[in-house]
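Colleague: Residue numbers (our numbering), protein chains in the order written: chain R, -14 to 368; chain X, 3 to 430. Below is the structure I would like to discuss, written out as structure tokens.
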């Protein structure tokens, strides 16, 4: 039924869609009013309203109904190479997953060189970058029922790759396309396998009963056997030929997603709506108020920006998230780098390095201003 | 937080207004010189005594320098990825009407704001279609366009406050959203040419940015009101909104409206992109998480007063408009109720202006301010799909407090005896 309707909608004109809608409305509406929650006689997938074109209008908007059925023939068919170049997504069934291999050992080396400055030791996270592991994935999956609604001081759930994600293909795909964050799409297929192997290792995974230990070498075949501990942890079902009707049924019931629907028994209470136990919960202290820029509704003229930057301020807003844990201001770790001479250190900072340093830390400072920040990070002192 | 200067001026006008009542009663206004004259009236202002700017200045106009505090804002809590997987939020405490100026539209990215060369822009549509295509920007824009006003809301709007209020600020409590008049083409119009195969259930939308942000979208939405847009409030999209082209899924969580769009692929099975498992899923107390949570549900907030712009300058007996926004990704706002006691009792407010589907809607209630009163202002909106905002208790009883996304329980401002406004929650 769904497929037929869809085909009709694509090939038919808007006028035909209106006719279909009207039929659907007659069948589906018990109130006799315009049914706004159906498309072609089917409930909307999100449980919400939709606005078909009726008498040349959709809600308040007028519509040029002549735009359909025109067979507009814009653009061109992509070449096979073009399709190959862009169609690089990787699906849970292995579609798009390239052949290759990588070891946990190589993965760890790569991780230490390109990832640790943001994702922390053993993927522990930090500085505003997500943790990649918090320990054993199978044990941590059990924390997903932790919920702090009755005891605010209890432990919350641990949602990291190993404990939470439903498919490992997501990890491979994202590393390949999106990582390292400042230099995305720079990793080879084998490097991606190696990093994936390392992430599986720190999450203490088993593949097909075999522990992903320090000696493990991952390849395509093994990767496709990865079973995520939380693969059944999500609703509604989105797989298989019934996915869309399953989703439609899920969102047809407001209770499934914490909503209240007046057509499903919710009450619009106007008087005496609270329990006697109702109390006011206030923001604790001043709450989160470190806004950038600070909050103000004053209408005055802006203060002229200083030409010279404060290296400490730049450090705090631009550099600290990574540098606090690696080559922090004045740290002894700088010794080896400084031995190569300040010109080399400045140049690395200005142009960036493969070791994770983005050009000028991603800032748009002038070279002169940026060098004052480098001086501060390398010495811990402002000149 | 109000400007001292403004306060004094308001003070002055209040007194003048009181006098004018007397004047209507029969006394000449001219004869009432009991008050000091306002220097703002008595002196020629400096801007009126010299040349202003030539029309050749600011060929692309910018706001008055005096408006420099009306900006997007961010905070370290949300600074992920060195502010490249982060958000800067809209100052809705300063918003007017149902459209957000493009420069104030909230900005969210997963790998930084990309700057796409429109000459190198290509959109590829392939997979389960009879005819795959590549379009240049010019070819895309040749499709018949539609223009629609819709909000885009990050489903994490209010998501930091499941376990209690954290932001004493409207901008941060509800500003993970903005609204614009978008111009583009319905994807169903393009698919008429391409021919969608009947087995297609899903569409992948992928960006060309550093993170290649992708999301899986059911074809139901694609064939209903999904758009590919290039226009925002009468001009090209801003880079922060995906210049030159983004997806727009009216009413659905903002993350799905993929920016810097490069590719649409149709398939039978979903993709499991990074942002549809690792994030944008709502963990419930039973350990199951809601995935593919599409629509932003009915919601509302009081925008005036707000913690930022409060009532501390009001005098006893002042008549003031309580104003707010209501919105629903599931339909059209049908009404907004307002409570003065934190949700114990409600009155109906008036909707005003255009009331459009999946759009911000303004509501209004006239109030006589009594100095020294303590109020708990709570708004509660309803939509034409039947949804009504839950109380916080109702929402938490089903979703727990670990859900992060899609929190639409009613919000409350506490107006204290001084007229200051604080963000609170009412819990039983």
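Backbone N, C-alpha and C define an ideal beta-carbon position, used for all residues, glycine too.
Given a threshold of 16 other Cβ atoms within 10 Å of its Cβ, counted over all protein chains shown, does residue 292 of chain R qualify as buried or as exposed?
Modeller: Per the 10 Å Cβ criterion, exposed.
Colleague: Name the chain X residues whose beta carbon is nearer than 9 Å to that of residue 197 of chain R?
Modeller: Neighbours of residue 197 of chain R on chain X: none; closest Cβ ~20 Å, over 9 Å.
Colleague: Report yes if the C-beta distance between residue 299 of chain X and residue 332 of chain X is below 8 Å; otherwise report no.
Modeller: Yes, Cβ-Cβ distance for residue 299 of chain X and residue 332 of chain X is below 8 Å.
Colleague: State the CB to CB distance for the pair residue 22 of chain R and residue 28 of chain R, rounded to an integer number of angstroms; the pair is presumed to be in contact (CB under 8 Å).
Modeller: Confirmed, Cβ separation roughly 6 Å.
Colleague: Considering only residues of the region 205 to 292 of chain X, which uninterrupted alpha helix (DSSP H) runs meet the minimum length of 4 residues and lie entirely inside it, listed in chain order?
Modeller: Whole alpha helix (DSSP H) segments, 4+ residues: 221 to 224.
Colleague: What residue from R/363, R/73, R/312 has the CA that sits closest to residue 341 of chain R's CA?
Modeller: Ranking the options by Cα distance to residue 341 of chain R, first place goes to R/312.
Colleague: Pairs of beta-carbons, one from the region 144 to 164 of chain R and one from the region 266 to 285 of chain X, closer than 8 Å: are there three or more?
Modeller: These segments touch.
Colleague: Could you check if residue 117 of chain X is buried or exposed, using at least 16 other CB atoms within 10 Å of its CB as the buried criterion?
Modeller: Exposed is the call here.
Colleague: Could you give the residue range of the beta strand (DSSP E) that holds residue 359 of chain R?
Modeller: First-last for residue 359 of chain R: 352 to 364, but that is the alpha helix (DSSP H), not the beta strand (DSSP E).
Colleague: Please report whether the beta-carbon of residue 99 of chain X lies at a distance below 8 Å from any beta-carbon of chain R.
Modeller: Taking Cβ atoms only, chain R never reaches closer than 8 Å to residue 99 of chain X, which makes this a no.
Colleague: For residue 370 of chain X, report the span of its alpha helix (DSSP H) as first-last.
Modeller: Unbroken run through residue 370 of chain X is the beta strand (DSSP E), 363 to 370; no alpha helix (DSSP H).
Colleague: Tell me which same chain residues have a C-beta within less than 6 Å of the C-beta of residue 85 of chain R, skipping the five on either side of it?
Modeller: Correct list, in chain order: 174, 175, 178.
Colleague: Compare the C-alpha of residue 70 of chain X against each of R/226, R/280, R/368, R/364 and name the closest.
Modeller: That would be R/280, whose Cα lies nearest to the Cα of residue 70 of chain X.
Colleague: In chain order, what residues of the same chain have a beta carbon less than 8 Å from the beta carbon of residue 106 of chain R, not counting five sequence neighbours either side?
Modeller: For residue 106 of chain R, where only same-chain residues beyond five positions count, there are no Cβ hits under 8 Å.
Colleague: Which residues bound the alpha helix (DSSP H) around residue 328 of chain X?
Modeller: From DSSP, residue 328 of chain X is part of no alpha helix (DSSP H) but of the beta strand (DSSP E) over 321 to 329.
Colleague: If you measure between the beta carbons of residue 230 of chain R and residue 274 of chain X, is that distance less than 8 Å?
Modeller: Cβ distance not < 8 Å, so residue 230 of chain R and residue 274 of chain X don't count as in contact.
Colleague: Indicate whether the contact test is met: 3 or more Cβ pairs, each with one atom in the region 150 to 162 of chain X and one in the region 188 to 207 of chain X, closer than 8 Å.
Modeller: Touching, no, given that fewer than three Cβ pairs across the two stretches are closer than 8 Å.
Colleague: I need the straight-line Cα distance from residue 31 of chain X to residue 320 of chain X, nearest angstrom please.
Modeller: In this predicted model, residue 31 of chain X has a pLDDT of only 49, less than 50, meaning its place in the structure is not dependable; the value taken from the coordinates is given anyway. Approximately 21 Å between the Cα atoms of the pair.
Colleague: Thinking C-alpha only, which one of X/323, X/55, X/243, X/67 is nearest residue 286 of chain R?
Modeller: Among X/323, X/55, X/243, X/67, the Cα nearest to that of residue 286 of chain R is on X/67.
Colleague: I'd like the span of the beta strand (DSSP E) that includes residue 306 of chain X, first residue to last.
Modeller: 301 to 306 is the extent of the beta strand (DSSP E) around residue 306 of chain X.
Colleague: Alpha carbon to alpha carbon, how far is residue 223 of chain X from residue 83 of chain R?
Modeller: So the two alpha carbons sit approximately 31 Å from each other.
Colleague: List, in chain order, every chain R residue whose beta-carbon is nearer than 7 Å to that of residue 273 of chain X.
Modeller: Here the neighbours are 74, 76.
Colleague: For the candidate residues R/305, R/87, R/244, whose alpha-carbon lies nearest to that of residue 180 of chain R?
Modeller: Ranking the options by Cα distance to residue 180 of chain R, first place goes to R/87.
Colleague: Output, in chain order, the set of chain X residues within a Cβ distance shorter than 7 Å of residue 251 of chain R.
Modeller: By Cβ distance, chain X contributes 390.
Colleague: Are at least three pairs of beta-carbons, each pair with one atom in the region 238 to 252 of chain R and one in the region 337 to 354 of chain X, less than 8 Å apart?
Modeller: Contact between the region 238 to 252 of chain R and the region 337 to 354 of chain X is absent, because fewer than three Cβ pairs lie under 8 Å.
Colleague: Are the CB atoms of residue 431 of chain X and residue 217 of chain X nearer to each other than 8 Å?
Modeller: What the structure shows of chain X is the stretch from 3 to 430, and residue 431 of chain X is not part of that stretch, so it cannot be assessed.
Colleague: Residues of chain R with CB closer than 7 Å to the CB of residue 425 of chain X, please, in chain order.
Modeller: Within 7 Å Cβ-Cβ: 268.
Colleague: Nearest-angstrom Cα distance between residue 337 of chain R and residue 73 of chain R?
Modeller: Near 28 Å, if we compare the C-alpha coordinates of residue 73 of chain R and residue 337 of chain R.
Colleague: Looking only at C-alpha atoms, which of X/386, X/430, X/420, X/96 sits nearest to residue 399 of chain X?
Modeller: When only C-alpha atoms are compared, the closest one is X/430.
Colleague: Is the shortest distance between the beta-carbon of residue 403 of chain X and the beta-carbons of chain R less than 8 Å?
Modeller: Yes, residue 403 of chain X lies at the interface with chain R (some Cβ there is under 8 Å from its Cβ).
Colleague: Beta carbons nearer than 7 Å to chain X: which residues of the region 186 to 213 of chain R have them?
Modeller: Here the close residues number zero.
Colleague: Kindly indicate if chain R contains any beta-carbon less than 8 Å away from that of residue 27 of chain X.
Modeller: At residue 27 of chain X the pLDDT is 46, less than 50, meaning the model places this residue with poor confidence and gives no usable figure here.
Colleague: What are the uninterrupted segments assigned as alpha helix (DSSP H) that are 4 or more residues long and contained completely in the region 101 to 183 of chain R, given in chain order?
Modeller: 101 to 104, 122 to 126, 146 to 149, 154 to 163, all fully within the region 101 to 183 of chain R.
Colleague: Give me the Cβ distance between residue 380 of chain X and residue 413 of chain X, rounded to the nearest whole Å; I'm assuming they're in contact under 8 Å.
Modeller: Going by Cβ atoms, the distance from residue 380 of chain X to residue 413 of chain X rounds to 7 Å, so yes, they are a contact pair.
Colleague: How would you write the range of the beta strand (DSSP E) that residue 186 of chain X sits in, first residue to last?
Modeller: That run of the beta strand (DSSP E) goes 179 to 188.
Colleague: With DSSP as the reference, label residue 429 of chain X as helix, strand or coil.
Modeller: Residue 429 of chain X: strand per DSSP, three-state reduction.
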